[in-house]
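Down below is the structure, laid out as structure tokens.
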Amino acid sequence: MAKRKYFEIAEGEKGDEEIRELNNLSDLLEDTGRYISGEISNERKFYSWEINDGLSWAGLIEPGGFILISGKEKSKKSTFAGMFASAFLCQNYINRNHEDTRIASFREFQKIRCNIRWDAPFLYFDTEQGKNDFTRSQNAIMMNAGYYNGLPLDKKGNPTINYYAYRLILIPDPVKKVQFIFKKIIELGEKFGFIGCVALDVITDFVENQLDDQQAKEFYNELFYLREKYLFDIIGVIHQNRANNQTNGSIGVVSNKRCNYLIQLQKHEIAPGQDYEDGPTTAITEFKRTEEYFKKVMFDFVPNEHGIMLPSFVEETQGLNAYGVVSGMSNQFPTKYKY
């Protein structure tokens, strides 16, 4: 089998073994429509992630989907991605022992709801932050989820929740970054048999040339191969051009095409002349491939009881320049789904 031009998946060349595997999967790969059932259309879709825009809950992606978060500099893209991690880790479980595994996994942080199995591995890869910033951001994720002393440990000293965060700034080569990511996905995927979610912050750092369309496609081809194998969701962060709202380069174009839900973050000033960075951030649906969507949500930062600035969602009160900060956990808000 010819060697790949750009990325080599961390488990090595598949060659004849890959062909045999594909032959064994022929029943799954072939779809002639004979599996379609009329019952499917009557079933309420199960979303692994949902968000509340103040009016109702909207499903973002079904299991195995891809959420892309885009925005210009200082628009809190990493913070927003971290909110998803906090929702995954949140102690706000209904009942882990509930007979319905979906309900047993349900938990929320602020207005983000996670329905992924609580015991599924979550992998968070960051490419930009130095040691201190990375530590602070991960501590914020833990505190948002209610863990002020780190994750709970079992009798052997191992965390009882499978959350793994990696600082890839120590790997300058984009190809080696990708190989490291794939290696970790495969290691944990083989260990647990599945993975819950993989967060990639920032996607543009995984190609040598942002304008090379082929590199971008090969990256996603390999990533999606692993996604199908280990059944995980993807949360990606990507930069936008300063001159417009388009994501950067060919990797941005390909990312837009491959994602199921694009969320665009925009910063707003509270009053004319106020510093751009002081205003709240608005998350807006750019496009989606689901039947549901949210209008917009806004969030800002308020200090918690420990004096740590943590994200809180904001409610618009009287137009764009008037906001009321809403703090606390999202279970203070009504939900239309009753269990």
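For the sequence shown, the positions run 28 to 366 when this note's numbering is used. No residue lacks a Cβ here, since even glycine has one placed at the ideal position from N, Cα and C.
Exercise. Going by other Cβ atoms of all chains shown within 10 Å of its Cβ, with 16 needed for buried, is GLY173 buried or exposed?
Worked result: exposed
For this session: Please report the Cβ distance between CYS224 and ILE265, rounded to the nearest whole angstrom; I am assuming they are in contact, meaning their Cβ atoms lie under 8 Å.
Result: About 17 Å; that fails the 8 Å criterion.
Exercise. Rounded to whole angstroms, how far is the Cβ of LYS323 from the Cβ of THR308, which I believe are closer than 8 Å?
Worked result: About 10 Å separates the two Cβ atoms, so there is no contact after all.
Problem set entry | Residues of its chain near ASP239, where Cβ-Cβ distance is below 7 Å and the 5 sequence neighbours each way are ignored | SER277
Exercise. How far does the beta strand (DSSP E) with VAL229 in it reach, from first residue to last?
Worked result: No beta strand (DSSP E) contains VAL229, which DSSP labels as neither H nor E.
Exercise. Taking Cβ to Cβ, would you say GLY109 is nearer than 8 Å to ARG254?
Worked result: The answer is no: Cβ separation not under 8 Å.
For this session: List the endpoints of the continuous alpha helix (DSSP H) containing PRO201.
Result: 201-219
Exercise. Should ILE168 and LEU116 be called a contact, given that it needs their Cβ atoms to be closer than 8 Å?
Worked result: For ILE168 and LEU116, yes; Cβs fall inside 8 Å.
Problem set entry | Residue environment, ARG316, which counts as buried when at least 16 other CB atoms sit within 10 Å | exposed
Problem set entry | Closest Cα partner of ILE230 within the set PHE93, ILE213, LEU87, PHE136 | PHE93
Exercise. Using CA coordinates, which residue listed in PHE326, GLU332, ASN287 is at the minimum distance from GLY86?
Worked result: ASN287
Exercise. Between which two residues does the alpha helix (DSSP H) carrying ARG254 extend?
Worked result: 240-257
Problem set entry | Beta-carbon proximity of ALA147 to ILE222, cut-off 8 Å | yes
Problem set entry | Separation of ASN176 from GLN241, as counted between CA atoms | Cα-Cα distance, rounded: 44 Å.
For this session: Run the CB neighbour count on LYS138, radius 10 Å, all protein chains shown included, and call it buried at 16 or more, exposed below.
Result: buried
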